[in-house]
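Trainee:
Numbering (my numbering), first residue to last: 423 to 551.
#1: Specify whether the stretch 523-540 and the stretch 502-514 touch according to this definition: at least 3 beta carbon pairs, one from each stretch, less than 8 Å apart.
#2: Would you kindly report the start and end of the unbroken alpha helix (DSSP H) that includes residue 537?
#3: How about residue 468 and residue 453: are their beta carbons less than 8 Å apart?
#4: Below 8 Å, how does it come out for the stretch 456-472 and the stretch 488-499: are there three or more Cβ pairs, yes or no?
#5: Return the CA-CA distance between residue 541 and residue 505, expressed in angstroms with no decimal places.
#6: For residue 465, which residues in the same chain have their Cβ closer than 7 Å to its Cβ, ignoring the five residues on either side in sequence?
#7: Tell me whether residue 545 sits in a helix, a strand or coil according to DSSP, three-state version.
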């Protein structure tokens, strides 16, 4: 349970170590976290923000106290708007990921494309990288 997601704190990293270790043992590179209440809205990857692209729209989960409003996240949203993307900060259901063109994460200082996501045994392959 990540109780201080809206604040950058060392206490945010230790609770995810078990989940990351388990995911890596199953052949995955990271963990995508869903909201704790409904368990269907994406929040973030273990140590970075996530962005989804469909058409000319870049969406990212809205900050609601569980997601860090960091400088990197803010910069990505500003640059995306500057180059002509429409930006949405909103609830994103995990099932929506089946219909997106791209997903990327922003661990500092680089951008990491997501090649696939597995949810409930269903592997979603992303073709644009």
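Where is the CB? At the ideal position from N, CA and C, for every residue including glycine.
Mentor: The answer reads as follows:
#1: no
#2: Position 115 of the chain shown, counted from the start, is the residue given in the question as residue 537. That residue, residue 537, is in no alpha helix (DSSP H); it is neither H nor E in DSSP.
#3: Taking the first residue of the chain shown as position 1, residue 468 is located at position 46. Taking the first residue of the chain shown as position 1, residue 453 is located at position 31. Going by C-beta atoms, residue 468 is nearer than 8 Å to residue 453.
#4: yes
#5: Taking the first residue of the chain shown as 1, we reach residue 541 at position 119. Taking the first residue of the chain shown as 1, we reach residue 505 at position 83. Whole-angstrom Cα-Cα distance: 32 Å.
#6: For the purposes of this step, residue 465 is taken as the residue at position 43 of the chain shown. Excluding residues within five positions, the ones whose Cβ falls inside 7 Å are 455, 456, 457, 483, 488 and 489.
#7: Your numbering for residue 545 matches position 123 in the chain shown. Residue 545: strand per DSSP, three-state reduction.
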